[in-house]
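Residue numbers (UniProt numbering): 1 to 159.
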Amino acid sequence: MRDVVEAALKAADVSYDEPRPGAFLVKLPGQHKLATMTWLIVGERVLHVEAFFCRQPDENHTEFYRWLLGKNGSMYGVHFSLDPVGDVYLVGRTPLAAVTEEEVDRLLGCVLTYSDEWFDRALELGFASSIRREWAWRAKRGESLANLQAFARFADPDR
């Protein structure tokens, strides 16, 4: 099964390392989230998929977690989960019998889509106050606001 995963990663032309046999750390480049580091771990019975999404929210916990749970119902292959400190991950398990190069590609595509397309909304829900403070601090110092533009509609006081 390790060979199937490796062939899929090569075909997808993504950057990856294999720190131990059957455990692949894949870098999925995004547009909203710069990169999503994703583990593909070949186990005895399943392929485990795990990717860090964001740290635990600073605020608006109820709406943040309600939003995550609402997303879980429409997702393929992975779902949102929390670690013991409350950080958010995308996780999934696929039976080895179902693992093909196409399925690995599909799983990675899902991880990238969910992580990249929903990242800004997650930050808006759970970190709006921090983003506003960062915007104000950068604006005051004349620093670049380029990577905060996705949040300008609520962070820019001039809007």
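Built from N, CA and C at the ideal position, the CB exists for glycine as well.
Only a predicted model underlies this, so the values are computations on that prediction, with no experimental measurement involved.
Subject >> Option in D116, Q56, L47 and C54 with minimal Cα separation from L96 >> reply: L47
**OP:** Output the boundary residues of the alpha helix (DSSP H) element that contains R2.
**Re:** R2 to A12
Original post:
Measuring CA to CA, which of V91, S129 and L34 is closest to P57?
Top reply: S129
Original post:
Starting from D58 and walking both ways along the beta strand (DSSP E), at which residues does that stretch end?
Top reply: Neither: D58 is in no beta strand (DSSP E) and is coded neither H nor E.
Original post:
Who pairs with K27 in a beta bridge, going by DSSP?
Top reply: S15 and M37
Original post:
Where does L145 fall in DSSP's three states?
Top reply: coil
Original post:
Can you list, in chain order, the residues of its chain whose CB lies under 8 Å from that of S81, leaving out five sequence neighbours each side?
Top reply: V88, Y89, L90 and V91
Original post:
Since F52 sits in a beta bridge, which residues does DSSP pair it with?
Top reply: Y89
**OP:** Would you identify the three-state DSSP class for V104, choosing helix, strand or coil?
**Re:** helix
Original post:
Are the stretch 132-144 and the stretch 98-109 touching by the rule of at least three beta carbon pairs closer than 8 Å?
Top reply: no
Subject >> F80 - containing beta strand (DSSP E), residue span >> reply: H79 to L82
Original post:
Assuming K33 contacts Y16 under a Cβ cut-off of 8 Å, what Cβ separation, rounded to an integer in Å, is found between them?
Top reply: Not quite, the Cβ-Cβ distance comes to about 18 Å (not below 8 Å), so this is no contact.
Subject >> Coil, strand or helix - V111 by DSSP >> reply: helix
Original post:
Which partner residues of R20 appear in the DSSP bridge assignment?
Top reply: A23
**OP:** Using beta-carbon positions only, say whether L125 and N60 come within less than 7 Å of one another.
**Re:** yes
**OP:** Please report the Cβ distance between T36 and S115, rounded to the nearest whole angstrom; I am assuming they are in contact, meaning their Cβ atoms lie under 8 Å.
**Re:** 4 Å
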